[in-house]
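Visitor: These protein sequence lines map, in sequence, to chains A and B.
Count the first sequence with my numbering and you get residues 12 to 212, in order.
Count the second sequence with my numbering and you get residues 12 to 212, in order.
Protein chains: 2
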Amino acid sequence: MGRKTDRRIQRTRKALFDAFMALLLEKEYEAITVTEIADQANVGRATFYLHYRDKDDLLASNIEALFEEVAGRIRPLLKQSILARDTIQGRILFEEAARNKDLYLLVFRQGGTLLYDRLQRHMADLIAETLETLIMGGDSPIEISLLASYLTGALTALVKWWLENDMPCSADYMAAVAQHLIRPGMEQVALLESDWYTQKE
Amino acid sequence: MGRKTDRRIQRTRKALFDAFMALLLEKEYEAITVTEIADQANVGRATFYLHYRDKDDLLASNIEALFEEVAGRIRPLLKQSILARDTIQGRILFEEAARNKDLYLLVFRQGGTLLYDRLQRHMADLIAETLETLIMGGDSPIEISLLASYLTGALTALVKWWLENDMPCSADYMAAVAQHLIRPGMEQVALLESDWYTQKE
DNA sequence: TTATTTTCTGGACAAATTGTCTAATTTTGG
DNA sequence: CCAAAATTAGACAATTTGTCCAGAAAATAA
């Protein structure tokens with residue numbers, strides 16, 4: 012049963028992904044060729060096609076798993092931090108971003124539909140989930156997916172600004188800013204009556 | 012002086028750009044070939060290279076101008092609407108988005124570094140500009156570029172949600188939501204003392 | 001260890017794309 | 001009408017892509 016355990020497979024796949032990530036730091040995704048990847052990985056080009064259908068497949072097979080891991084870390088952070096009624100624990104979100112700075116900057120820069128949108132959607136889903144459990148019972152006067160999109164966009168913008176500006180201030184500070192910018196509005200809409208605006212359609 | 016007026020040039024360039032936009036609605040930017048563009052435009056492939064260096068050049072020469080035009084419309088809207096103290100004129104922003112729905116959806120979808128980032132940066136600059144004139148004199152307790160990034164991200168998220176969900180509510184409604192979500196936070200930070208948070212560094 | 005299975009390799013292949021270049025053909029503006 | 005400019009089809013070498021093969025190399029099993 013030593014089929015999937017073959018060291019050569021692990022070694023080759025890791026070499027290919029490492030090479031890919033290295034190239035991704037220099038060039039645009041679309042500008043990277045399979046030849047370059049195999050070259051940088053010190054692996055025959057035919058070997059590449061032995062493991063992956065194409066460039067997208069390599070990305071999907073690896074980044075996807077990476078995101079799963081990151082998402083796993085983000086999920087509990089989001090739930091307990093973003094909308095906690097009293098304390099500001101949003102700090103841990105910015106700390107998470109700082110820890111994986113390279114990864115997130117890569118996502119922001121190479122973005123496109125591949126990584127950026129994927130992360131945005133994932134965050135929006137997580138947030139919507141969290142909001143739903145918070146509201147549980149009384150329904151929100153405003154579409155939850157809309158609120159989730161707003162929160163995602165706002166938080167992402169803050170994190171992006173922070174990372175792209177080389178983290179000129181502490182995670183605590185950023186969390187406090189996020190707190191002051193976002194919470195009042197969220198409380199405002201939470202207090203709205205269901206019929207606060209009748210012209211919706 | 013009949014050099015730039017040559018109808019053939021105008022006709023060819025328009026045909027090429029129209030073909031490009033048409034293809035952009037079906038396929039990803041990177042998947043579109045010069046051959047396809049020339050084909051769709053009913054123009055020789057050599058003619059394409061007579062006008063543009065490559066695909067990026069075609070995009071830069073046209074979309075850029077288009078953005079200039081859009082930006083020109085957005086500028087006054089932003090200034091008078093987003094941060095007007097009393098009335099909600101943010102409606103015109105959503106109306107603008109609705110008018111150019113196809114264009115903005117294209118930007119959101121094809122995004123990448125090419126269009127999306129460009130628009131984001133432009134908006135952030137415009138907003139920062141506006142904020143600076145608003146604050147004029149007393150300096151902001153929070154980095155203006157940070158506030159501008161937040162506003163850009165938040166507004167973009169709302170517009171994106173609205174367009175991607177086929178505008179399920181009126182522009183008025185969206186403007187009201189934006190108002191309730193964003194303004195309280197902005198007023199909150201505007202009231203902060205310069206030393207409200209000492210751990211910035 | 002030896003035998004067997006799997007993976008890796010370099011090379012070759014057709015197809016598609018790119019950017020450049022010609023030499024003819026058409027259209028425009030004067 | 002004529003000269004200038006734009007367009008055209010086609011050819012061209014250079015890359016890239018995805019597939020295939022036969023042999024070398026390495027891992028696993030007995």
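Note that CB positions come from ideal geometry on N, CA and C, so glycine has one too.
Here the structure is a predicted model, which is why all the values come from computation and not from measurement.
Using a threshold of 7 Å, state whether the C-beta atoms of Gly-164 (chain B) and Gly-83 (chain A) are closer than that.
Guide: no
Visitor: Would Pro-195 (chain B) pass as an interface residue toward chain A - the criterion being a Cβ-Cβ separation below 7 Å?
Guide: yes
Visitor: Residues of chain B with CB closer than 7 Å to the CB of Thr-167 (chain A), please, in chain order.
Guide: Gly-164
Visitor: Between the region 22-48 of chain A and chain B, which residues of the former have CB atoms less than 9 Å from a CB of the latter, in chain order?
Guide: Glu-39, Tyr-40, Glu-41
Visitor: Can you say whether Thr-16 (chain A) is buried or exposed, counting buried as having 16 or more other CB atoms within 10 angstroms of its CB?
Guide: exposed
Visitor: Could you tell me the distance, in whole angstroms, from the CA atom of Phe-215 (chain A) to the CA atom of Asn-73 (chain A)?
Guide: Since the first residue shown for chain A is 12 and the last is 212, residue 215 (chain A) is missing from the structure and cannot be characterised.
Visitor: Start and end of the alpha helix (DSSP H) containing Asn-73 (chain B)?
Guide: 66-92
Visitor: Please name the residue in B:Ile-146, B:Tyr-127, B:Leu-117, B:Leu-116 whose C-alpha comes closest to that of Arg-120 (chain A).
Guide: Looking at the Cα atoms, B:Tyr-127 is the closest of the given residues.
Visitor: Within the same chain, show all residues whose beta-carbon is closer than 7 Å to that of Lys-171 (chain B), passing over the 5 residues directly before and after it, in chain order.
Guide: Counting only residues of its own chain and dropping the five nearest sequence neighbours on each side, Lys-171 (chain B) has a CB closer than 7 Å to the CB of Phe-119.
Visitor: Are the beta-carbon atoms belonging to Gln-190 (chain A) and His-191 (chain B) less than 7 Å from one another?
Guide: no
Visitor: What alpha helix (DSSP H) runs, 4 residues minimum, are completely inside the region 103-174 of chain A?
Guide: 112-121, 128-146
Visitor: Taking the alpha carbon of Glu-1 (chain A) as the point to measure from, which residue in A:Tyr-161, A:Arg-64, A:Ala-201, A:Asp-183 has its own alpha carbon closest?
Guide: Given that chain A is displayed from residue 12 to residue 212, the structure contains no residue 1 (chain A) and the question cannot be resolved.
Visitor: So, do the region 75-82 of chain B and the region 150-170 of chain B have three or more beta carbon pairs nearer to each other than 8 Å?
Guide: At 8 Å Cβ cutoff, the stretches do not touch.
Visitor: Got a sec: is the Cβ-Cβ distance from Tyr-184 (chain B) to anything in chain A below 7 Å?
Guide: yes
Visitor: Determine the chain B residues that contact Val-54 (chain A) at a beta-carbon separation under 8 Å, and present them in chain order.
Guide: Correct list: empty, because the minimum Cβ distance to chain B is about 25 Å.
Visitor: Give the secondary structure of Leu-36 (chain B) by DSSP, where H, G and I count as helix, E and B as strand, and everything else as coil.
Guide: coil
Visitor: Would you call the CB atoms of Ala-139 (chain B) and Ile-155 (chain B) closer than 7 Å?
Guide: yes
Visitor: Taking 7 Å as the cut-off, decide whether the C-beta atoms of Ala-26 (chain A) and Val-45 (chain A) are in contact.
Guide: No. Outside cutoff.
Visitor: Can you find a CB in chain A that lies within less than 7 Å of the CB of His-133 (chain B)?
Guide: no
Visitor: For Trp-235 (chain A), which residues of its own chain have a beta-carbon under 6 Å away from its beta-carbon, when the five flanking residues on both sides are left out?
Guide: Since the first residue of chain A shown is 12 and the last is 212, residue 235 (chain A) is not available in this structure.
Visitor: Taking its Cβ as the centre, do 16 or more other Cβ atoms sit within 10 Å of Ala-42 (chain B), making it buried, or is it exposed?
Guide: exposed
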